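S.K.: Residue numbers (the working numbering): 14 to 186.
Even for Gly, the Cβ is constructed at its ideal location relative to N, Cα and C.
The structure displayed is predicted, hence computed values, not measured ones.
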Amino acid sequence: MSEESSKAGPGSSVASHDVRPVSLDDVDRQILHLLQQDARMPNNALAAAVGIAPSTCLTRVRALRNAGVIRGFHAEVDPAALGRGLQAMVAVRMQSGARNRLAAFAQRLAARSEVLDLYFVAGADDFLVHVAVEDSDALREFVLEQLSAFTEVALTETSLIFEHVRTSSSRHG
Numbered sequence: 014m015s016e017e018s019s020k021a022g023p024g025s026s027v028a029s030h031d032v033r034p035v036s037l038d039d040v041d042r043q044i045l046h047l048l049q050q051d052a053r054m055p056n057n058a059l060a061a062a063v064g065i066a067p068s069t070c071l072t073r074v075r076a077l078r079n080a081g082v083i084r085g086f087h088a089e090v091d092p093a094a095l096g097r098g099l100q101a102m103v104a105v106r107m108q109s110g111a112r113n114r115l116a117a118f119a120q121r122l123a124a125r126s127e128v129l130d131l132y133f134v135a136g137a138d139d140f141l142v143h144v145a146v147e148d149s150d151a152l153r154e155f156v157l158e159q160l161s162a163f164t165e166v167a168l169t170e171t172s173l174i175f176e177h178v179r180t181s182s183s184r185h186g
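(1) Cα-Cα, which of Q49, A66, Q50 and D51 is closest to N57?
(2) Using a Cβ-Cβ cut-off of 7 Å (strictly less than) and excluding sequence neighbours within five positions of V35, which residues of its own chain qualify?
(3) Starting from the C-beta of L129, find all residues in its chain whose C-beta is less than 6 Å away, skip the five residues before and the five after it, and write them out in chain order.
(4) Please report how far the alpha carbon of Q50 lies from the alpha carbon of D41, in whole angstroms.
(5) Which whole-angstrom value describes the C-beta separation of L115 and L122, a residue pair presumed to lie in contact below a C-beta threshold of 8 Å?
(6) Assign Q50 to one of three DSSP states: helix, strand, or coil.
(7) Determine the burial state of Y44: buried for a count of at least 16 other Cβ atoms within 10 Å of its Cβ, exposed for fewer.
(8) What is the rounded straight-line gap between the Cα of D148 and the Cα of R78?
(9) Sorted by chain position, which residues of the same chain lie with C-beta nearer than 7 Å to E165's C-beta, five sequence neighbours on each side aside?
(10) In the structure shown, what three-state DSSP assignment does R106 receive?
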């Protein structure tokens, strides 16, 4: 993840519920659609594509960032290229008495280099943790040493990711 995007957890200022109420018009929606397709699109090309002046486009993009609609720009890097070819989703269920430590637990996990994404979820589990590691030994060590070793963790369940296919809906909102 880039410096501009961070891993959100309970209490994080980046969580989606922190978006300030904003009224999006058709031009804003077009800008967002184009940036989701190519976040590196130059401002003048973006402005031309939506039919507004470059200065107006820049003002709109800044307003969308300030409102929290655009959370950041980042490069999506293949973890295998960095020597972390094994990915998994780890479901984590916390002990019922640990509810007051969820934010601290999430911050501790988000700081780990193995963690690509951290989701605080509803349902039987409390977190889904997307990790990328070198091999099965590194995955086992992460689950045992970074998750199961903590008393606030009641249960973990690990699912290996064989392949990730980015869908058009994940790129286009």
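M.R.: Working from what's here:
(1) Comparing C-alpha distances from N57 to each of Q49, A66, Q50 and D51 shows the shortest one belongs to A66.
(2) Cβ within range, chain order: A80 and V82.
(3) Leaving aside the five residues that flank L129 on each side, the residues in its chain whose CB is nearer than 6 Å to its CB run, in chain order, H143 and A145.
(4) If you draw a straight line from the Cα of Q50 to the Cα of D41, it comes to about 14 Å.
(5) Your pair L115 and L122 does not check out as a contact, with CB atoms roughly 11 Å apart and the cut at 8 Å.
(6) Q50 sits in a helix when the DSSP states are folded into three classes.
(7) Looking at the sequence itself, residue 44 is Ile, so the reference to Tyr does not match. Burial of I44 is indicated by the presence of at least 16 other C-beta atoms within 10 angstroms of its C-beta.
(8) Computed Cα separation, rounded: 37 Å.
(9) Closer than 7 Å at the Cβ level, and outside the excluded window around E165, lie M107, Q108, A111, R114 and F118.
(10) It is a strand residue.
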